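Enquirer: This is the structure I have questions about; it appears just below.
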Amino acid sequence: MASSSLTKPQMCGLLSHHFHIVRAFIVSLGDATFYMFAVAEPRKKAYAYFYRNYDSIKDFEEMRKASMFQSAR
Amino acid sequence: MAYPMQLGFQDATSPIMEELLHFHDHTLMIVFLISSLVLYIIALMLTTKLTHVSTMDAQEVETIWTIMPAIILITIALPSLRILYMMDEINNPSLTVKTMGHQWYWSYEYTDYEDLTFDSYMIPTSELKPGELRLLEVDNRVVLPMEMTIRMLISSEDVLHSWAVPSLGLKTDAIPGR
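Chains as they are written, first to last, in this note's numbering: chain A, 1 to 73; chain B, 1001 to 1178.
And the structure:
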């Protein structure tokens, strides 16, 4: 009887190959990095930009002229 | 101030509140990292029929999931403590204002130079003029100088109240007798 050789099936590591833990870490680090660059860094830049040339007295005078204050007309 | 469909904090108008905003971003980033990792692992676990039948111990993974949370907690604690100590900075206030909580209004006392006391009642929604802010407008507003350190002494005449200005990052409970 002729016997043909079959390729040996994968015997070990089936669950660990399914459980791509490295891919899981990469996805979660990617999420965190995305949040940092989409939300956290723009917020820091927005505050730095706002306060770079902020004149509080000018702001106060504009609010006073717009009658926003009760005690400073 | 608050605005419709708001998800996060109000815009910061004091340095401490700015620090708190950035700290919140830092901590939320860590929360997303952990949550997405856990969700991904749950999804992987639910999409296989394979089972590990020869598990005897799990020394490696147990070491990792002890050390990594400790590192994450330290990463959260260090900026948190920095802001905590920043909030306790001793400075010399230029003005002292006392506020007493009542049911249901605040009274303010400016006694540094003269005796000035007034009550501050919320304007009911039915009496608001166009353009006024619901639940925020009062008849006599508390007036504070800008860009100065102010000492607020907060107490209550009856029950527990709480005095807060979210955009300055302030909130203190008004406790009767304290």
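We put the beta carbon where it would ideally sit given N, CA and C, even for glycine.
Please read all numbers here as calculations on a predicted model, not as lab measurements.
1. Please name the residue in Glu1089/B, Leu1081/B and Asp1115/B whose C-alpha comes closest to that of Thr1096/B.
2. Just verifying my parser: in three-state terms, what is the DSSP assignment at Trp942/B?
3. Could you list which residues in chain B have their beta carbon closer than 7 Å to that of Asp31/A, in chain order?
4. List in chain order: all unbroken beta strand (DSSP E) runs of 3+ residues lying wholly within the region 1060–1141 of chain B.
5. Output needed for Met1122/B: all residues of its chain with C-beta closer than 6 Å, excluding positions within five of it in sequence on either side, in chain order.
6. Please report how far the alpha carbon of Met1087/B lies from the alpha carbon of Gly1169/B, in whole angstroms.
7. Given that Arg1151/B touches chain A, what residues does it touch there, using C-beta distances under 8 Å?
8. Could you check where the alpha helix (DSSP H) with Glu44/A kicks off and where it finishes?
9. If we count the other Cβ atoms within 10 Å of its Cβ and call it buried at 16 or more, is Gly13/A buried or exposed?
10. Quick one: does Ser67/A have its CB under 8 Å from some CB of chain B?
11. If we define contact as Cβ-Cβ less than 8 Å, is Val27/A a contact residue for chain B?
12. Consider the Cβ of Arg1141/B: report whether some Cβ of chain D lies at a distance smaller than 8 Å.
13. Counting C-beta neighbours from all protein chains within 10 Å, is the total for Met1100/B 16 or more, i.e. buried, or is it exposed?
14. How far does the alpha helix (DSSP H) with Lys58/A in it extend, from its first residue to its last?
15. Pair every Cβ in the region 1073–1083 of chain B with every Cβ in the region 1019–1027 of chain B, then say whether three or more of these pairs are closer than 8 Å.
16. What residues of chain B sit near Arg43/A, judged by a beta carbon separation below 8 Å?
17. Does the distance from the C-beta atom of Pro1176/B to that of Ser1156/B stay below 8 Å?
18. Judging by CA-CA distance, which residue of Glu1147/B, Thr1172/B, Ser1035/B and Asn1140/B is the nearest neighbour of Pro1015/B?
19. Secondary structure at Ile1042/B, three-state DSSP: helix, strand or coil?
20. By Cβ distance below 8 Å, which residues in the same chain neighbour Arg73/A in space, the five residues on each side in sequence not counted?
21. Under 8 Å between C-beta atoms, does Gln70/A make it to chain B?
22. Strictly below 9 Å CB to CB, what residues from chain B border Thr35/A?
23. Counting only Cβ pairs nearer than 8 Å, list the residues of chain B close to Leu15/A.
24. Can you give the Cα-Cα distance for Ile1154/B and Val1142/B, rounded to whole angstroms?
25. Can Thr1048/B and His18/A be called in contact, C-beta distance under 8 Å?
26. I'd like the span of the beta strand (DSSP E) that includes Asp1057/B, first residue to last.
Expert: Checking against the coordinates, here is how it stands:
1. Taking only the C-alpha atoms, the option nearest Thr1096/B is Asp1115/B.
2. There is simply no residue 942/B to check, as chain B begins at 1001 and stops at 1178 in what is shown.
3. Result: Phe1032, Leu1033 and Ser1036.
4. Segments of the beta strand (DSSP E) lying fully in the region 1060–1141 of chain B: 1095–1102, 1105–1110 and 1116–1120.
5. The residues Val1138, in chain order, have a CB closer than 6 Å to that of Met1122/B in the same chain once the five nearest residues on each side in sequence are set aside.
6. Answer to the nearest angstrom: the Cα atoms are 10 Å apart.
7. Ordered by position in chain A, no residue passes the 8 Å Cβ test against Arg1151/B, which lies about 20 Å from the chain.
8. Before going further, note that residue 44/A is Lys rather than Glu in the sequence given. Counting along the chain, the unbroken alpha helix (DSSP H) around Lys44/A starts and ends at Glu41 to Arg52.
9. Around the beta carbon of Gly13/A, fewer than 16 other beta carbons lie within 10 angstroms, which makes this residue exposed.
10. Look at Ser67/A: its C-beta is not under 8 Å from any C-beta on chain B.
11. By this cut-off, Val27/A is an interface position.
12. Absence of chain D from the displayed structure is noted, the protein chains being A and B.
13. So Met1100/B ends up on the buried side.
14. Here the alpha helix (DSSP H) through Lys58/A covers Ser56 to Lys65.
15. Yes, the region 1073–1083 of chain B touches the region 1019–1027 of chain B.
16. In chain order: Leu1021, His1022 and Asp1025.
17. Yes. Within cutoff.
18. Checking every option, the nearest Cα to that of Pro1015/B belongs to Glu1147/B.
19. Residue state, collapsed to three classes: helix.
20. Cβ neighbours of Arg73/A beyond the five flanking positions: Arg64 and Ser67.
21. So, interface residue.
22. Reading off the sequence, residue 35/A comes out as Tyr, not Thr. Simply Asp1025, Leu1028, Met1029, Phe1032 and Leu1033.
23. Against chain B, the beta carbon of Leu15/A has neighbours under 8 Å at Thr1048, Leu1050, Thr1051 and His1052, listed in chain order.
24. Ile1154/B and Val1142/B: Cα-Cα distance of roughly 13 Å.
25. Cβ distance < 8 Å, so Thr1048/B and His18/A count as in contact.
26. Per DSSP, Asp1057/B is not a residue of any beta strand (DSSP E), being assigned neither H nor E.
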